[in-house]
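The structure appears right after this line, and notes come after that.
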Amino acid sequence: MTNTALREETTSPETMPVRVKDPTVPTNPWIPPHGEEEARRYLSAVREWASVDWNEVYDDLDTILHGEEEISHHAAGPSGGAPLPNYNNDALTQRFLMALKLLVARALRDKADEKHPDIAALIGQACTLRAEVVAGDAGQTIGLVRKLARLTLDLAELLEEAGIVRGLVEC
1 MTNTALREET TSPETMPVRV KDPTVPTNPW IPPHGEEEAR RYLSAVREWA
51 SVDWNEVYDD LDTILHGEEE ISHHAAGPSG GAPLPNYNND ALTQRFLMAL
101 KLLVARALRD KADEKHPDIA ALIGQACTLR AEVVAGDAGQ TIGLVRKLAR
151 LTLDLAELLE EAGIVRGLVE C
């Protein structure tokens, strides 16, 4: 079997051999790794994905770590005998988890864990905290939210000091 190809536009055509398919070499058609429904689910998740609103994260950090509703650490309970603050724990937890996930991914991408031991320690804490399972107890949930808030703030500050992120808009 031969094929005609042009070497250059100015020269005459030259006959070039084309390799005939070897029947002893098996060829299989490409099969996608997932079915159509799975691919649609992935595409839907990508379409619904929203990046972290860092202004909202910092507002939450202010509320949790420095707000007027801050929880007292005394054995007597909350200051002034007030009930525990009613934070939207699921929303706060998800925001802090997503922020931590992005910060950790950015730090690992830039190999900050190899260059800065403090950042490596915070990445380890973030991985441990993400794996922590919390029961429905309000005190435990608020404790988890406070830990996530502190860890998010510390990691963001260290990454900014290291020059890995600037203003957290790009994460």
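Quick note on numbering: my numbering labels position 27 of the sequence shown as 27, and the sequence is numbered without any gaps.
Glycine is no exception: its CB is placed at the ideal position from the N, C-alpha and C atoms.
Taking Cβ to Cβ, would you say residue i is nearer than 8 Å to residue j?
{"i": "residue 65", "j": "residue 149", "result": "yes"}
{"i": "residue 159", "j": "residue 103", "result": "yes"}
{"i": "residue 31", "j": "residue 110", "result": "no"}
{"i": "residue 95", "j": "residue 46", "result": "no"}
{"i": "residue 52", "j": "residue 98", "result": "yes"}
{"i": "residue 100", "j": "residue 61", "result": "no"}
When the Cα of residue i is compared with those of the options, which residue comes out closest?
{"i": "residue 161", "options": "53, 112 and 123", "result": "112"}
{"i": "residue 34", "options": "62, 97, 43 and 21", "result": "43"}
{"i": "residue 155", "options": "107, 114 and 143", "result": "107"}
{"i": "residue 167", "options": "55, 22 and 23", "result": "55"}
Go ahead and label residue i buried or exposed: buried means 16 or more other beta carbons lie within 10 angstroms of its beta carbon, across all protein chains shown.
{"i": "residue 91", "result": "exposed"}
With DSSP run on the structure shown, which of helix, strand or coil describes residue i?
{"i": "residue 14", "result": "strand"}
{"i": "residue 54", "result": "helix"}
{"i": "residue 24", "result": "coil"}
{"i": "residue 83", "result": "In this prediction, residue 83 has a pLDDT of 48, which is less than 50 and means its spatial position is unreliable; what the coordinates show is noted afterwards. Coil, per DSSP."}
{"i": "residue 160", "result": "helix"}
{"i": "residue 151", "result": "helix"}
{"i": "residue 111", "result": "coil"}
Report yes or no: do the stretch 111-130 and the stretch 141-157 share at least 3 C-beta pairs separated by less than 8 Å? Contact check between the stretch 111-130 and the stretch 141-157: three or more CB pairs, one atom from each, fall below 8 Å, which counts as touching.
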